[in-house]
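Residue numbers (my numbering): 1333 to 1580.
Report on the following structure.
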Amino acid sequence: MTFTLHHGDALTFLRTLPDASVDALVTDPPYNSGGRTSVERTARTARAKYTSGDPAHTLADFPGDKRDQRSYGYWLTLLLTEAHRATVESGTALVFTDWRQLPVTSDALQAAGWTWRGVAPWHKPAARPCKGGLKQDCEFVLWATKGPVDAERNPVYLPGLYTASQPRKDRLHITQKPVEVMRQLVRLCPPGGTVLDPFAGSGTTGVAALQEGRRFVGSELSDRYWHTAHRRLTDTAQALAEPTGPAA
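In structure tokens:
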């Protein structure tokens, strides 16, 4: 399977895609969350918001995570509208969010023209405890389609709950998702189809897509993470292209 990874702004990139050119949107946009107040959400870096006070890593920060909720909702609607245009009829959207931004993300998804179908929690067993309250150990995946569900196009049966911790030993991005979760989610794209992710990060969605026999097209704004994602995607494509059977 092949991949294309653009380097630049997500909305600018999406506007270059032809109509009905991808089969599924699977993406983890910057949540613009991580705080109780507008100041907490916008004054701190993504690294400060989404890692502990003494993280045992030196992962790079990433841009685009300082919008207040109103501008985040408007910006996300623009992005999801372009993704909707670029997706085939009956194509699928899977969009990650956290508990704070779940309402506005669902609003943006529907305002962009998608038909909202449900929410799947991603349970993270290794999440930090919350003294005096409930442990915030879930993020959420909003599922939507462009028009009706076409089960015959891709007759898969996927779970509505995913459990896996963030990568630790080989972690490459502050908000990196587990490959084992992403490999299941990209199966909503038909085999041989194209998965779109305009927020590629370290490339996990693309790696999962290639491993599951799908094509991938994406973009990443951060220079450092673009290089990381491109290297991972290249390595994955090369490994999959190598013969696995005995030599002739």
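The beta-carbon is built from N, C-alpha and C at its ideal position, and this holds for glycine as well.
Endpoints, beta strand (DSSP E) assigned at residue 1474: Segment 1470-1477, the beta strand (DSSP E) holding residue 1474.
Backbone CA spacing between residue 1521 and residue 1466 [nearest angstrom]: Their backbone Cα atoms lie some 35 angstroms apart in a straight line.
Helix, strand or coil for residue 1545 per DSSP? In this structure, residue 1545 counts as coil in the three-state DSSP scheme.
Please identify the residue among 1550, 1428, 1470 and 1536 whose C-alpha is closest to the C-alpha of residue 1476. With distances taken between CA atoms, residue 1476 lies nearest to 1428 out of 1550, 1428, 1470 and 1536.
Would you mind giving the Cβ-Cβ distance between residue 1424 and residue 1356, rounded to the nearest angstrom? I have them listed as a contact below 8 angstroms. Residue 1424 to residue 1356, Cβ: 4 angstroms. Contact.
Considering only residues of the same chain and omitting the five flanking positions on each side of residue 1436, which have a CB-CB separation below 8 angstroms? By the criterion of a C-beta distance shorter than 8 angstroms, residue 1436 is surrounded in its chain by 1401, 1404, 1405 and 1408, once the five residues flanking it on both sides are discounted.
What is the rounded straight-line gap between the Cα of residue 1570 and the Cα of residue 1538? When rounded, the distance between both Cα atoms is 14 angstroms.
Taking the C-alpha atoms as reference points, what is the distance between residue 1342 and residue 1410? Residue 1342 and residue 1410: Cα-Cα distance of roughly 10 angstroms.
Looking only at C-alpha atoms, which of 1526, 1456 and 1451 sits nearest to residue 1490? Measuring C-alpha to C-alpha distances from residue 1490 to each of 1526, 1456 and 1451 identifies 1451 as the nearest.
Is it right to say residue 1563 is buried, meaning 16 or more other beta carbons lie within 10 angstroms of its own, or is it exposed? It counts as exposed.
Could you have a look at residue 1449 and say whether DSSP puts it in helix, strand or coil? It is a strand residue.
So what does DSSP say about residue 1554, is it helix, strand or coil? It is coil, neither helix nor strand.
On the DSSP letters alone, give me the boundaries of the beta strand (DSSP E) that residue 1422 sits inside. Boundaries of the beta strand (DSSP E) around residue 1422: 1419-1429.
Does DSSP put residue 1336 in a helix, in a strand, or in coil? Under the three-state reduction of DSSP output, residue 1336 falls in the strand class.
Residue 1355 by DSSP, collapsed to three states: which one? Note: residue 1355 maps to strand in three-state DSSP.
Under a Cβ-count criterion, where at least 16 other Cβ atoms within 10 Å of its own Cβ denotes burial, should residue 1340 be classed as buried or exposed? Counting other Cβ atoms within 10 Å of its Cβ, residue 1340 stays below 16 and is therefore classed as exposed.
Would you kindly work out how many angstroms separate the C-alpha atoms of residue 1385 and residue 1461, rounded to a whole number? Note on residue 1385: pLDDT 49, under 50, position unreliable in the model; the coordinate value appears next. Rounded to the nearest angstrom, the two C-alpha atoms are 14 angstroms apart.
What would DSSP say about residue 1482, mapped onto helix, strand or coil? In the structure shown, residue 1482 adopts coil according to DSSP, grouped into three states.
Cβ of residue 1536 within 9 angstroms of Cβ of residue 1501? Contact: no.
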